[in-house]
Each structure stands twice: as C-alpha cells, then as structure tokens.
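First the structure, in the form of structure tokens, and then the observations on it.
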Amino acid sequence: MTLDLRSVDDAAELARAAADIVVDVVTTKPSALVMAATGETPMGTYAELVRRRAEGRLDSSAMRVVQLDEYLGIGPDDPRSLYGWMHRSLVAPLGIGADRVIRFDSEGSDADRAARDYDREVESGGGIDLAILGIGVNGHLGFNEPPSDAGAPTRAVDLSPDTLTSNAAYWGGRTVPTQAITAGMSMILSARRILLLVSGPSKAEILDRLLRSEPDPSLPASQLTAHPDTVVLADRAARGA
Ligand code: GLP
Numbered sequence: 004m005t006l007d008l009r010s011v012d013d014a015a016e017l018a019r020a021a022a023d024i025v026v027d028v029v030t031t032k033p034s035a036l037v038m039a040a041t042g043e044t045p046m047g048t049y050a051e052l053v054r055r056r057a058e059g060r061l062d063s064s065a066m067r068v069v070q071l072d073e074y075l076g077i078g079p080d081d082p083r084s085l086y087g088w089m090h091r092s093l094v095a096p097l098g099i100g101a102d103r104v105i106r107f108d109s110e111g112s113d114a115d116r117a118a119r120d121y122d123r124e125v126e127s128g129g130g131i132d133l134a135i136l137g138i139g140v141n142g143h144l145g146f147n148e149p150p151s152d153a154g155a156p157t158r159a160v161d162l163s164p165d166t167l168t169s170n171a172a173y174w175g176g177r178t179v180p181t182q183a184i185t186a187g188m189s190m191i192l193s194a195r196r197i198l199l200l201v202s203g204p205s206k207a208e209i210l211d212r213l214l215r216s217e218p219d220p221s222l223p224a225s226q227l228t229a230h231p232d233t234v235v236l237a238d239r240a241a242r243g244a
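First residue of the sequence shown? That's 4 in my numbering, and the numbers climb one at a time after it.
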C-alpha cells in the first residue's frame, strides 16, 4: 500500500489541515480517544484546536486523550515531562479533565507493569480513534526506535544517540533522560485513524526514505504503509520542494 500523502505549503497550513481532521473525528464521535504526540511538530495543530474551541467550532467536552510516550524516572512536575508538555499545550486549554486522560506511570520502578496498565486502560477505553504522530529524524514513532517491527509492544526503551540529540533541543541545557516508555508499534497501528505530521527541512531526508519504503523495522514509521487509514501531512520544506 502507498501512503496517503497530502501536501501543504507551510506549518500554518499543516496545522489547519490537521485540525480539520481532528475536528471531524471528534464531531463524529464526541468521546473520541485521541493519541497526542508531543515534540515541536504538533504544537501548531494543538494551538489551532484551542482556537477553534474558543470560536465554538470544536466541542471537546467529552474528548479523551492518551499520551504517546514519556521519559522514564521523571515526575509530571519535572519541566522535561512529556505529559506536562501535552497537558500545557492541549489537555488543559481544551478543558479535558484528568478522568479523560490516559497516561503512563513513568515514575515507578516497574516499567513493565506501567506498560501493561497503559495497554489495558486504552483497550478498556475502546481503543484509539485517532493517533496524531510526529516522526523522529531516525524514523521513530513515539519512542519506537529502529529497529521496531509492527508487533513491537508497549515497553521501556533506551533512547538512541540521534533521539537524545534531537530531544536536547526541547530542554535548553538540561540533560535528556536516556530511557523512556512508549506506546508500542502494535498499539499505534491499532488506532482507527492515524495522522502523521511532517514539517520542516530537518525531516526532508526521512520523509523521502519513508515514501519509498516497504514496511521495514529499520524505519519504524514505514509500518504505517500497512495501516488502512493513515494520512501523512507534509509541508513544502519537509518535501524538499
Ligand atoms: C520525539 C518524540 C516523538 C516526536 C518526534 C518528533 O523524540 N518521541 O513523539 O513525534 O520525536 O519530534 P519533533 O516534532 O519535535 O520533530
């Protein structure tokens, strides 16, 4: 299968196009469970959703959110917490209460148990209606570092040097935790719809590889080619155009 690539001009158009899809999903199913990546790429989309809610164009009163990944060993109040980032950018401004958020228990000493609890909570919540994802420069989704096959479970991972370098940009001089917990590829691929956001020149090389790839564990995002409802939104800079 080939990926459904939709080309947009720039980050602003990408945010609007992505928000259109999220609003469509939440309008069809108000209690939709949405997986929300952090990272820089989806921030414009989240700001656009917040704007639409303020304008009365999005009703998020029943919407639910599930986090995609988290560093291990840091608490929700640590400035580097990915949960904290998701909370500030999306969950709080959309008025989504804690009872409508699924998150990792990433502080405890038992990461395997945290992974199982997370999977169980997502499954008992009816599964993921829409996953909003970014892509790492090494082709990772969440923290499914290469190699990750389509069956990779929710689990603790050691972060690759590429990821540590790119994530350092988020936190100024602070060190990046070297371990994380991530929704597995199997959980991501179980989402009914997937939206992959690709923006900026730093993603041009990996997007080019992705668009030419068969499903290949060395490029985890290539597993999306086997998913029945994935849209890739890419801006001009990411397309190298
Ligand atoms: C990070 C995160 C991913 C994110 C990706 C891209 O390492 N683990 O969830 O989607 O890399 O980040 P960015 O959008 O900042 O390029």
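Positions of the beta carbon are idealized from the N, C-alpha and C atoms, including for glycine. The structure presented is a predicted model; accordingly, all values stated were derived computationally and were not measured.
Top-ranked residue by Cα proximity to residue i, from the options
i, options, result
"Y74", "S34, D132 and G111", "G111"
"L133", "R242, A57 and S193", "S193"
"T41", "V69, R55 and E148", "V69"
"S127", "S163, V53, T48 and I105", "I105"
"D232", "Y49, I135 and E124", "I135"
"G59", "G47, L97 and S92", "L97"
"E208", "G78, R91, G175 and A244", "A244"
"K32", "D62, R56 and V53", "D62"
"D205", "S84, I138 and M188", "The identity of residue 205 in the sequence shown is Ser, whereas the question assumes Asp. Nearest option by C-alpha distance: I138."
"D108", "R116, L222 and S169", "R116"
"G187", "P149, T178 and T181", "P149"
"L162", "W174, V179 and P156", "V179"
Residues bridged to residue i (per DSSP)
i, result
"Q182", "D161"
"L136", "L199"
"I105", "V69"
"V235", "L8 and L199"
"L144", "N147"
"Y74", "A183"
Contacting residues, own chain, Cβ-Cβ under 6 Å from residue i (five flanking each side not counted)
i, result
"V235", "L6, L8 and L199"
"P218", "S225, Q226, T228 and A229"
"S202", "A14, L17, T44, D238 and A241"
"F146", "D72, V160, A183 and T185"
"I131", "L36, M38 and A194"
Residue i in three-state terms, based on DSSP
i, result
"L214", "helix"
"D7", "strand"
"A241", "coil"
"L36", "strand"
"N170", "helix"
"L85", "helix"
"D219", "strand"
"G47", "helix"
"H90", "helix"
"R54", "helix"
heavy atom of the ligand GLP below 7 Å from residue i C-beta
i, result
"L136", "yes"
"L72", "The question names Leu, but residue 72 in the sequence shown is Asp. Result yes, Cβ under 7 Å from the ligand GLP."
"S151", "no"
"E148", "no"
"N141", "no"
"S92", "no"
"A118", "no"
"A40", "yes"
"G175", "no"
"G78", "no"
"S221", "no"
"E43", "yes"
"S109", "no"
"T233", "no"
"T166", "yes"
"S169", "yes"
"Y87", "Per the sequence presented here, residue 87 reads as Gly, with Tyr not at that position. No, the ligand GLP has no heavy atom inside 7 Å of this Cβ."
"G100", "no"
"G145", "yes"
Own chain partners of residue i with C-beta closer than 7 Å, once the 5 adjacent residues on each side are dropped
i, result
"G129", "L36"
"A20", "R9, V11 and L236"
Contacting residues, own chain, Cβ-Cβ under 8 Å from residue i (five flanking each side not counted)
i, result
"M89", "A39, T41, V68 and Q70"
"I197", "L133, A134, L136, I191, L227, H230, D232, T233 and V234"
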